[in-house]
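Residue numbers (the numbering used here): 40 to 92. Idealized CB from N, CA, C, for every residue including glycine. In what follows, a structure is listed as structure tokens, so that the remarks can point back to it.
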């Protein structure tokens, strides 16, 4: 099963907010990518460039 980058960022943020443990914090690059709309398969770009088709 695959999940989107928004979901990963949201879960990491929630875990960090609850625990205040730095290893639960979402990586800054992930947050920048989500903010830029690089959401993975749904946007066609993320950590990889996905081709149409």
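According to DSSP, residues forming a beta bridge with residue i
| i | result |
| --- | --- |
| residue 80 | Answer is none; residue 80 lacks a bridge partner. |
| residue 88 | 84 |
Short Cβ contact (8 Å threshold) for residue i with residue j
| i | j | result |
| --- | --- | --- |
| residue 44 | residue 73 | yes |
| residue 48 | residue 63 | no |
Start-to-end residues for the alpha helix (DSSP H) that takes in residue i
| i | result |
| --- | --- |
| residue 48 | 44-58 |
| residue 69 | 67-74 |
Inter-residue spacing [alpha-carbon to alpha-carbon] between residue i and residue j
| i | j | result |
| --- | --- | --- |
| residue 88 | residue 55 | 29 Å |
| residue 60 | residue 78 | 25 Å |
| residue 69 | residue 85 | 9 Å |
| residue 71 | residue 90 | 22 Å |
| residue 53 | residue 80 | 23 Å |
| residue 76 | residue 58 | 27 Å |
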